[in-house]
Amino acid sequence: MAQFDPSTFSPQIIWLVISFAILYIAMSRFALPRISRILEERQHKIDESLKKAAAMQSEAQAASEAYDNALAKARAKAQDHMRNAREKAAQEASQRQEVLAERLAGDIQAAEKRIGEAKGDALSRIREVVVDVAGAAIEKLSGEKPAAKDVGSAVDDALGGRS
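Here the numbering used here is used: the first residue of the sequence shown is 117, the next is one more, and so on.
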């Protein structure tokens, strides 16, 4: 192999140096500046994106705080409305209960009056029933019909003014 022949080492080294020099010049003048510029542009875009993301994050944080504040205000307002509605309903229920109690008291009084009248009426009629029953009993026992006047006076004496 010609590469391992020591007599050809010096021309190989010269061509190696020339090749590396050309490659180094081409890389340093053309490829590396272009790659460096692309990397700088990419880093600049990343930095800009990070700045925009930080700005958007702060805006989102502010919007979130505004939302939380609005939500807290809305909840407080809703709780006030609920409390007012409960108080109003309790007040209306209390008023209705008072009206109902007054009406029921009136109904109870009227019923007691009717019961009293019915009791008085029943007690006044009871004398007539007792007179009839006593007359029928005397007639059945004695076989004679007693005078209604006599039975009435006997019942009055027996009741003794209890009516």
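Note that beta-carbon positions come from the ideal geometry of N, C-alpha and C, so glycine has one too.
Checklist line | Rounded straight-line distance, which links the Cα of M198 to that of D288 | finding: Within the shown structure, residues of the chain are numbered from 117 to 279, placing residue 288 beyond reach of any answer.
Note to self: In this structure, how does DSSP classify Q261 when only helix, strand and coil are distinguished?
What the structure shows: Here residue 261 refers to the residue found at position 145 when the sequence shown is read from its first residue. The question names Gln, but residue 261 is Lys in the sequence shown. Three-state result, K261: coil.
Margin query: Measuring straight from C-alpha to C-alpha, what distance separates L132 and Q173?
Written below: Position 16 of the sequence shown, counted from the first residue, corresponds to residue 132. Position 57 of the sequence shown, counted from the first residue, corresponds to residue 173. C-alpha separation (whole angstroms): 56 Å.
Note to self: Would G268 and V245 be called neighbours here (beta carbons separated by less than 8 Å)?
What the structure shows: The count along the sequence shown starts at 1 and reaches residue 268 at position 152. The count along the sequence shown starts at 1 and reaches residue 245 at position 129. No, Cβ-Cβ distance for G268 and V245 is not below 8 Å.
Check: What's the C-alpha gap between A206 and I231?
Finding: Against the sequence shown, residue 206 aligns to sequence position 90. Against the sequence shown, residue 231 aligns to sequence position 115. Distance between the alpha carbons of A206 and I231: 36 Å.
Notebook entry, point to check: Alpha carbon to alpha carbon, how far is L166 from I129?
Noted result: Counting from 1 along the sequence shown, the entry for residue 166 is found at position 50. Counting from 1 along the sequence shown, the entry for residue 129 is found at position 13. Each residue's alpha carbon lies about 50 Å from the other.
Checklist line | I242 Cβ short of 7 Å to the ligand ATP heavy atom set | finding: You won't find the ligand ATP in this model; it holds no ligand whatsoever.
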